[in-house]
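Novice:
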Amino acid sequence: MHLSTVENHQWVSRPIEPPVMDLTCDVLCVGAGSAGIYAADAAARQGAKVILLENDVTVGGMHLLGEVRGYYYGFAGGSFAQDDLHTPEDEIFFLSDHKGEKKKLRLLHRLQESGVTLLCSHTPTGILMEGRRVVGLQVFDGCRQIHIGAKMTIDATSDGHLIRMCPVKKSYGRAPDGRYAPFSLISTYIKDGKRRRINRDAGIVDPYDSRDLSHKLLLAHAQAKEHLGKGALFQTAPHLGIREGLRYESEEALSCEKILLGPPPEKILFWAYSDLDRHGHEHALEEELFQSWWVISNLATVTVRIPVPLGCVVPKDLLGIVTAGRCYGTDSYAQSAVRMNRDMFRMGECVGVAAAIAAESNTSLTQIDYAKYLQTVTALGCFAGDEKKSFGFDFPLGDRPYTPVSFVPEDALPRLQTEAPGPGIWSCFLHQEDRALADRLFDTMNNTRDHLYQNNLALALGIMGDPRALPRLRRIVSERDCFSFKDGRRSNQLRSAAAICLLGRLGVPEDLPLLEEIVFEEREFEKALYHTLEPNDLYDGQGRNFIYFDLFSHAATALVKIHQRHELAMTALHQRFQHLLDEGTVLGRIAPHSLPHEPAYTESRHLLEYVIAQTAPKA
Amino acid sequence: MKIYHTLLIGSGHTAVGYAIAQRNTLICEESEACEPAFSLALKQYRCPPYTPQTPQGRALLSRYDALGLFANGRQNLGGLECGLCEYVLENGIEILLKCRVIAYELLPDATYDVTLLTNAGLEYVRCRRLLDLRHRNAPRSLTILFESTAPAIDLPLLSSLFPTAWVEPTFDGGYYALHIPASPTTDYNQHLPKICNRWASVKHTAKILYIAPRYADTAEEAELNAAEFGNPIAAFEAGIALAKAEKGGD
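Line by line, the protein sequences are chains L and V.
Residues 38 to 656, numbered by this note's numbering, are exactly what the first sequence covers, in order.
Residues 42 to 291, numbered by this note's numbering, are exactly what the second sequence covers, in order.
In structure tokens, the structure reads:
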């Protein structure tokens, strides 16, 4: 037997004498958050003996202790729906809906009813393995280390703390630079008799670096003082709103490409529902497919019914351990789309059922009787039976009905004549091999006098990779303004930013002066487009002039891409970026009201550091 | 490996006061808060009068006054967390949050080899002195924030339902806190349903707004138990005094 753990940031594994187990069970679930509670409960209701460990004093995770309550997204379906129902017993609570203290009681009652053994203030310190099979955990119970044996272990810690102790390949952050999505800290106050929350992005943190985590927590709490005096009650959430942690190599992965382009998998664990959520404005640093969807096609708020493969919660070549929650086998973009509250409840329930079946049959999750699994989760309401992959614009406030979106050219291309051309642009991306379509777009662009239509056609042609879009794209960039598309209810992208992004893909060395003007020209910031909007609209939640940041960041990365693609010498470019960083004026323009340690400033600084690194001489 | 003079287990105003007086101190706190007793456990809203005795205490009080954390004898518990975090950052005090001390060993050179469990995994530090500021065996209380539209009726009713508890106003608008005593070994998750059942057993207008996710200690002894002070400045200066007393003995 081996004990695997993480010591001083390194994965280590040592042979040990098999310990005497203090406790044993069929399913050992770690993490009593959104997914873990329903995983443990579901496994127990399938007849498994279940132990649920939780690091904190009580249950709830992000949903309750993180105060993520107004953001109740994901798709309906599953046992959690019963816990959301209002009953007379709820009248003792100030907020009698699916949120708050009522939910905490419901969850505790659910676990008690299903016979789950709940152990709070218990934290795993190591994984017990026999070969490639996880057979239990070493756990600190607050006083001493104990050992718990299990046929199947579920890592529902969100941040993959058990997975970190496993011999499986892991990845952190987004591909270009390893950075995570911003975390949030929710502040609560009462005003006019209502409990109100402010959910603000509080910066970027490495959740696996204890010093960085502590420092960022202190910063976030300190910055929350801006909310003092807003109302009668003031509190910050007891639990940090981390959105993104590690991912790992699984038996079958989910990805941005599969969500947007691929067919459903053969064995579906459950169906999720979300947009490809992405916080911050660092889209210039994202991967190309995501930029095509989010920036150029402006489809940030399009929701997708996502078939999540069964194998994505099974670490590759490992037995006896699976995950439930936002840590699973995926890329950074898909991970942001499969973490909504209700989806996590349902994911947990489905993993719990699968884990119980696997424990009983002594098989891997991927080898369970899938028909039996499907029948069970369908009876629980987790599957409706008629799900299919679909796209649409959703309006959570209910002020407008859900609107399906079609990317079939006949349906989508007419939108290129509007201020909401997103589906039309994306349709062209999907048909980028269709040269006849490209020719049609080009001819129309040359023959129409509709300025808006011309610009949209240029973007459509550009996303197809057609260099005939370049003259019009250059004109958009030259004339740059603060016009943004109107497809979504929020996160609408600047047309100028989309055009600059495409210049980065298609541009040639002759385009460099145009981009350099945006990045290096002293008088660029005097242009009206950076100052036209009212301050409330101009500055993002962190205090960044988002128009300037968007255009600057896309132009800076476009410069790098053109240099790289055409193998141009980058010494001068590197020095110019370095000068910008050292001199600081640009950062002051982007975040004029921020202090150097605050997120708006540090994240803007990170952009410059990124392009400096990209243009640095290779060793 | 860096050797800390002191490793404090448990954060709060006492710990920070100690750390400002005794540099080269590391504070290890298992929660995500710098001041968990006030901001997470909602220890008490009433602020006992206290006159700072030290320049650091006076400076901290000025800072808190500037933030408007004290009014009408009451203190803003969430605001205390903001203020203390800001103070910690400005003064470079080392603190590890989400950190548990899981083992320690006294070495031949009279230093401690301490095993920490953090979000990073297992980490190891060395220190000359190990001080536990938690109060594991102390009596505790659970705080429930509630709203009442008829306090003249509700408060006596709740007092009869929870005869050992005490009630205090929190903020304007009919919001109160009920502090229910509990033994050191009470299980929070089993205690909660019983409290709610009792709350619902009598008809009244009081509605539960929030139940603190952990207990607050209520011991009243001085020195090492100084963190139970209801006044955070008093707790802070108790930490300073503790550090100075140890220096005198070193």
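Even glycine gets a Cβ: it sits at the ideal position worked out from N, Cα and C.
Bridge partners of L:T61, per DSSP?
Specialist: In the DSSP output, where bridge partners are listed per residue, L:T61 has L:G186.
Novice: Between which two residues does the beta strand (DSSP E) holding V:H46 run?
Specialist: Unbroken beta strand (DSSP E) run through V:H46: I44 to I50.
Novice: With a CB to CB cut of under 7 Å and the five nearest residues on each side skipped, what residues in its chain are close to L:G499?
Specialist: These residues qualify, in order along the chain: A506, L510, L539 and L543.
Novice: Kindly identify the DSSP beta-bridge partner or partners of L:P161.
Specialist: The partner list for L:P161 (beta bridge, DSSP) reads L:V176.
Novice: At a CB-CB cut-off below 9 Å, which residues of chain L make contact with V:L250?
Specialist: Correct list: F130, F131, L132, G137, E138, I227, R232 and L270.
Novice: Which residues in the same chain have their Cβ closer than 8 Å to the Cβ of L:A212, if we skip the five residues on either side of it in sequence?
Specialist: Closer than 8 Å at the Cβ level, and outside the excluded window around L:A212, lie E324, D368 and S369.
Novice: Roughly how far, in whole angstroms, is the beta-carbon of L:A534 from the beta-carbon of L:L588, given that I think they are within contact range, below 8 Å?
Specialist: Yes, they are in contact, since the Cβ atoms of L:A534 and L:L588 sit about 6 Å apart, within 8 Å.
Novice: Going by the CB atoms, is the gap between L:L222 and L:R237 shorter than 9 Å?
Specialist: A contact, by the Cβ cut-off of 9 Å.
Novice: With DSSP collapsed to three states, give me the class of L:V414.
Specialist: If DSSP states are grouped into helix, strand and coil, L:V414 belongs with the helices.
Novice: Take L:V545 as the anchor and find which of L:L531, L:R376 and L:L596 has the nearest alpha-carbon.
Specialist: Of the listed residues, the one whose Cα sits closest to L:V545 is L:L596.
Novice: I want to see whether chain L comes within less than 9 Å of V:A247, judged by CB atoms only; does it?
Specialist: Yes, contact with chain L.
Novice: To the nearest angstrom, how far is the alpha carbon of L:L60 from that of V:F270?
Specialist: Their Cα atoms are separated by approximately 40 Å.
Novice: Mind checking who L:A309 pairs with in its DSSP beta bridge?
Specialist: Partner(s): L:I343.
Novice: Closer than 8 Å between beta carbons: that is the criterion. Which residues of the segment 111-131 of chain V meet it against chain L?
Specialist: Residues passing the 8 Å Cβ filter: N117, L118, G119, G120, E122, C123, G124, C126, E127, V129 and L130.
Novice: Please state whether DSSP places L:V67 in a helix, a strand or coil.
Specialist: Residue state, collapsed to three classes: strand.
Novice: Using a cut-off of 8 Å between C-beta atoms, extract the partners of L:H276 located in chain V.
Specialist: Going along chain V in sequence order, the residues near L:H276 (Cβ under 8 Å) are E73.
Novice: Tell me which same chain residues have a C-beta within less than 6 Å of the C-beta of L:P52, skipping the five on either side of it?
Specialist: Cβ within range, chain order: H39.
Novice: Check this for me: beta carbons of L:D312 and L:H46, under 9 Å apart or not?
Specialist: Cβ distance not < 9 Å, so L:D312 and L:H46 don't count as in contact.
Novice: Among the residues of its own chain, which have a CB less than 8 Å from the CB of V:P93, if the five just before and after it don't count?
Specialist: Closer than 8 Å at Cβ, skipping near neighbours: R99, L101, L102, I274 and E278.
Novice: Under 9 Å between C-beta atoms, does L:Y490 make it to chain V?
Specialist: L:Y490 does not count as touching chain V.
Novice: Over what stretch of residues does the beta strand (DSSP E) that includes V:C69 continue unbroken?
Specialist: That run of the beta strand (DSSP E) goes T66 to C69.
Novice: Which partner residues of V:Y165 appear in the DSSP bridge assignment?
Specialist: In the DSSP output, where bridge partners are listed per residue, V:Y165 has V:T156.
Novice: Return the first residue and the last residue of the beta strand (DSSP E) that L:I227 is part of.
Specialist: Segment F220 to K228, the beta strand (DSSP E) holding L:I227.
Novice: Counting contacts by CB-CB distance shorter than 9 Å, is V:Y145 in contact with chain L?
Specialist: No, V:Y145 lies away from the interface with chain L (no Cβ there is under 9 Å from its Cβ).
Novice: Tell me whether L:E303 is buried or exposed, calling it buried when 16 or more other Cβ atoms sit within 10 Å of its Cβ.
Specialist: Flag for L:E303 reads exposed.
Novice: Would you decide whether L:P219 is buried or exposed? Buried here means 16 or more other CB atoms lie within 10 Å of its CB.
Specialist: Answer is buried; the Cβ neighbour count reaches 16.
Novice: Using a C-beta to C-beta distance shorter than 7 Å, which residues of chain V count as neighbours of L:A259?
Specialist: Within 7 Å Cβ-Cβ: C123, C126, E127 and L130.
Novice: Check each residue of the segment 212-231 of chain V: if its Cβ is closer than 7 Å to any Cβ of chain L, include it; give the result in chain order.
Specialist: Of all residues in the segment 212-231 of chain V, F212, D213, G214, Y216, Y229 and N230 have a Cβ within less than 7 Å of some Cβ in chain L.
Novice: Go to L:K141, then tell me how far its alpha helix (DSSP H) extends in each direction, as first and last residue.
Specialist: Counting along the chain, the alpha helix (DSSP H) containing L:K141 begins and ends at E138 to S151.
Novice: Could you work out which residue in L:D229, L:M99 and L:E167 is closest to V:E188 when comparing CA atoms only?
Specialist: That would be L:D229, whose Cα lies nearest to the Cα of V:E188.
Novice: I'd like the span of the beta strand (DSSP E) that includes L:R234, first residue to last.
Specialist: That run of the beta strand (DSSP E) goes K231 to G240.
Novice: For V:D173, which residues does DSSP report across the bridge?
Specialist: In the DSSP output, where bridge partners are listed per residue, V:D173 has V:I50.
Novice: Between L:K353 and chain V, is the shortest Cβ-Cβ distance under 9 Å, so that the two count as touching?
Specialist: Not one chain V Cβ lies under 9 Å of L:K353.
Novice: Quick one: what does DSSP say L:Q469 is sitting in, helix, strand or coil?
Specialist: Three-state result, L:Q469: coil.
Novice: Using the Cα positions of L:S334 and L:C293, report the straight-line distance between them to the nearest angstrom.
Specialist: Cα to Cα, the separation comes out at about 15 Å.
Novice: Does the beta-carbon of L:K295 have 16 or more other beta-carbons within 10 angstroms, so that it is buried, or is it exposed?
Specialist: L:K295 is buried by the Cβ-count criterion.
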